[in-house]
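First up is the structure itself, then whatever we jot down about it.
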Amino acid sequence: MVWLRLLASLTASLVCAACRAQPVLTQPSAVLVLPGQTARLSCTLSPQYNISEFGISWYQQRPGHSLTYLLYYNSERDKHKPSDIPLRFSGPRSGSTGTLSISGVQAEDKAACYCGGNNGGISYDIC
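Dropping the structure here:
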């Protein structure tokens, strides 16, 4: 039995010069799934902020490769995914948590996955 390990950053901070307290996105350190299963990585916004004001972006970095943009999700009407990203990658959001779902996980999906966010056209960096 082979386990596929999908890594996520422990914490990705959102940076905003106009904000007094910085919003913070947190992720689990790792998710282990078998090939063919569905991997779900969560990204939770610090509780003092309203997630509905933030869009969540997901990025993937496979070993030896540069960072790849996977998708952006704010709502069903406000979402984006490049055409070269497989349909098995999705990014729904519920409450204060965004989720990257990868259905039918394959060995090539082994990677570090990061979340980031934006609010009102202001981009926030991944730390």
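Residues -21 to -1, 1 to 106 in mature numbering (1 follows the signal peptide of the UniProt record, and there is no 0) are what the sequence shown lists, from first letter to last. Just so it is clear, CB atoms sit at the ideal spot from N, CA and C, and this is done for glycine as well. Note that the coordinates shown come from a computational prediction; the quantities given were computed from them, not determined experimentally.
Could you tell me the alpha carbon to alpha carbon distance between residue i and residue j, rounded to whole angstroms?
i, j, result
"Gln85", "Thr17", "10 Å"
"Leu46", "Gln40", "5 Å"
"Ile81", "Ser69", "7 Å"
"Asp88", "Val10", "12 Å"
"Gly95", "Arg19", "16 Å"
"Val12", "Gln27", "32 Å"
Does DSSP classify residue i as helix, strand or coil?
i, result
"Tyr93", "strand"
"Asp63", "coil"
Between residue i and residue j, which are expected to be in contact by the criterion C-beta below 8 Å, what is the C-beta distance as a whole number of angstroms?
i, j, result
"Tyr52", "Tyr38", "Contact flag wrong, Cβ pair sits at about 13 Å."
"Cys22", "Gly77", "4 Å"
Please list the terminal residues of the continuous beta strand (DSSP E) segment that includes residue i.
i, result
"Thr76", "Thr76 to Ile81"
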